[in-house]
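Working notes, structure below.
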Amino acid sequence: NAGVTQTPKFQVLKTGQSMTLQCAQDMNHNSMYWYRQDPGMGLRLIYYSASEGTTDKGEVPNGYNVSRLNKREFSLRLESAAPSQTSVYFCASATEETVSYEQYFGPGTRLTVT
Amino acid sequence: QKEVEQDPGPLSVPEGAIVSLNCTYSNSAFQYFMWYRQYSRKGPELLMYTYSSGNKEDGRFTAQVDKSSKYISLFIRDSQPSDSATYLCAMSRVTNSGYALNFGKGTSLLVTP
Chain A
45 NAGVTQTPKF QVLKTGQSMT LQCAQDMNHN SMYWYRQDPG MGLRLIYYSA
95 SEGTTDKGEV PNGYNVSRLN KREFSLRLES AAPSQTSVYF CASATEETVS
145 YEQYFGPGTR LTVT
Chain B
92 QKEVEQDPGP LSVPEGAIVS LNCTYSNSAF QYFMWYRQYS RKGPELLMYT
142 YSSGNKEDGR FTAQVDKSSK YISLFIRDSQ PSDSATYLCA MSRVTNSGYA
192 LNFGKGTSLL VTP
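Note that the protein sequences, when read in sequence, are chains A and B.
Its first residue numbered 45, the first sequence is counted upward by one per residue in the numbering used here.
Its first residue numbered 92, the second sequence is counted upward by one per residue in the numbering used here.
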């Protein structure tokens, strides 16, 4: 099992460009999440999807859109990148079958917007 | 006041020391309490989780929860340089649309040989 995979690992964008971060999990989890991690700010939830076909905003959704393509895949799109979106982005997945509902994380995408 | 508070450190200890990492929380709705370890330039990985007040041991790691004080701890015995990482506490609660995790900001730990 690969767990949670993310592509790309690194990306540099110019202000105003768009891109999509891809995430896939092979653990048959229902829930998937997108976080950003910035120094001194910890992990902040951008969007999440409790099940295929549903998405909800998290703490910092502005400037992002998401698509839950199927049960395995959850993508994050930046329509017009801004320097404030320079961050490390993590995708995670979870299942309610584990009573603690712990989340499993991917390796991250390091994004720089110039 | 944030729902989960965690001292960011950094914390530097010599190899072999006992390490104590802590978080406080304010929301009584939290049900499960977890510790994640994050190595530099990697994603967080789950170390262990607990549910009730008390201790849970896993090798050199002990997680402790005191629900009456809203305080959780992670102890690392015989710390090793390979334990150098950022440790994040996390707590789960039920929401209208499922479950959610609240994370602390993480404590940076350095174990020196």
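Glycine is no exception: its CB is placed at the ideal position from the N, C-alpha and C atoms.
Short CB-CB distance (under 8 Å) between residue i and chain B
i               : result
E140 of chain A : yes
S75 of chain A  : yes
A46 of chain A  : no
L87 of chain A  : yes
G97 of chain A  : no
A94 of chain A  : yes
P52 of chain A  : no
E146 of chain A : yes
P3 of chain A   : Here chain A has residues from 45 to 158 only, and residue 3 of chain A is not among them.
Proximity test, Cβ basis, 8 Å: residue i and chain A
i               : result
L201 of chain B : no
Y190 of chain B : yes
L112 of chain B : no
Y178 of chain B : no
F166 of chain B : no
L137 of chain B : yes
M182 of chain B : no
G100 of chain B : no
K196 of chain B : yes
G145 of chain B : no
Y130 of chain B : no
Y216 of chain B : Summary: the structure shown does not reach residue 216 of chain B, with chain B confined to residues 92 through 204, and so no result is reported for it.
K158 of chain B : no
Y140 of chain B : yes
K221 of chain B : An answer regarding residue 221 of chain B cannot be provided, because it is not within the stretch 92 to 204 covered by chain B.
Y162 of chain B : no
Alpha-carbon to alpha-carbon, residue j and residue i
i               : j               : result
G47 of chain A  : R184 of chain B : 24 Å
T141 of chain B : L89 of chain A  : 23 Å
N74 of chain A  : V110 of chain A : 16 Å
F124 of chain B : V156 of chain B : 8 Å
A94 of chain A  : R116 of chain A : 12 Å
L57 of chain A  : T153 of chain B : 43 Å
S143 of chain B : Q147 of chain A : 19 Å
G145 of chain B : F118 of chain A : 37 Å
Y162 of chain B : S119 of chain B : 11 Å
G134 of chain B : S103 of chain B : 22 Å
Q81 of chain A  : S175 of chain B : 19 Å
G84 of chain A  : G195 of chain B : 11 Å
Y133 of chain A : A126 of chain A : 15 Å
Y108 of chain A : G150 of chain A : 19 Å
P172 of chain B : M63 of chain A  : 38 Å
R132 of chain B : L200 of chain B : 15 Å
T153 of chain A : Q55 of chain A  : 7 Å
Which residues DSSP lists as bridging residue i, in chain order
i               : result
Y79 of chain A  : A:L89, A:F134
E96 of chain B  : B:T115
Y145 of chain A : In DSSP, Y145 of chain A forms no bridge with anything.
S62 of chain A  : For S62 of chain A, which the question treats as bridged, DSSP gives no partner whatsoever.
A68 of chain A  : A:T49, A:E117
P105 of chain B : B:T203
T153 of chain A : A:Y133
Proximity test, Cβ basis, 8 Å: residue i and chain C
i               : result
F118 of chain A : Within the model displayed, chain C is absent; protein chains A and B are what it includes.
Problem set entry | 3 or more residues per run - each beta strand (DSSP E) lying fully within the region 114-139 of chain B | Runs found: 123-129.
Exercise. With a cut-off of 8 Å, do at least 3 Cβ pairs link the region 146-161 of chain B to the region 188-202 of chain B?
Worked result: By the Cβ criterion, the region 146-161 of chain B is not in contact with the region 188-202 of chain B, since fewer than three pairs of Cβ atoms, one from each stretch, lie closer than 8 Å.
Exercise. Below 8 Å, can you find three or more Cβ-Cβ pairs linking the region 128-135 of chain B to the region 162-182 of chain B?
Worked result: Enough Cβ pairs lie closer than 8 Å, so yes.
Exercise. Would you call the region 159-168 of chain B and the region 97-113 of chain B in contact, with 3 or more CB pairs under 8 Å?
Worked result: Contact between the region 159-168 of chain B and the region 97-113 of chain B is established, with three or more Cβ pairs separated by less than 8 Å.
Exercise. Is the region 137-155 of chain A in contact with the region 59-79 of chain A, if contact means three or more CB pairs nearer than 8 Å?
Worked result: The answer is yes - the region 59-79 of chain A touches the region 137-155 of chain A, with three or more Cβ pairs under 8 Å.
For this session: Starting from the N-terminal side, write out each stretch of the beta strand (DSSP E) that is 3 residues or longer and does not extend beyond the region 85-141 of chain A.
Result: For the region 85-141 of chain A, the continuous beta strand (DSSP E) assignments of 3+ residues that do not extend past its boundaries occur at 86-93, 108-112, 118-122, 131-138, in sequence order.
For this session: Would you mind listing the alpha helix (DSSP H) stretches within the region 139-198 of chain B that are 4+ residues and don't spill past its ends, in chain order?
Result: Here no run is fully enclosed.
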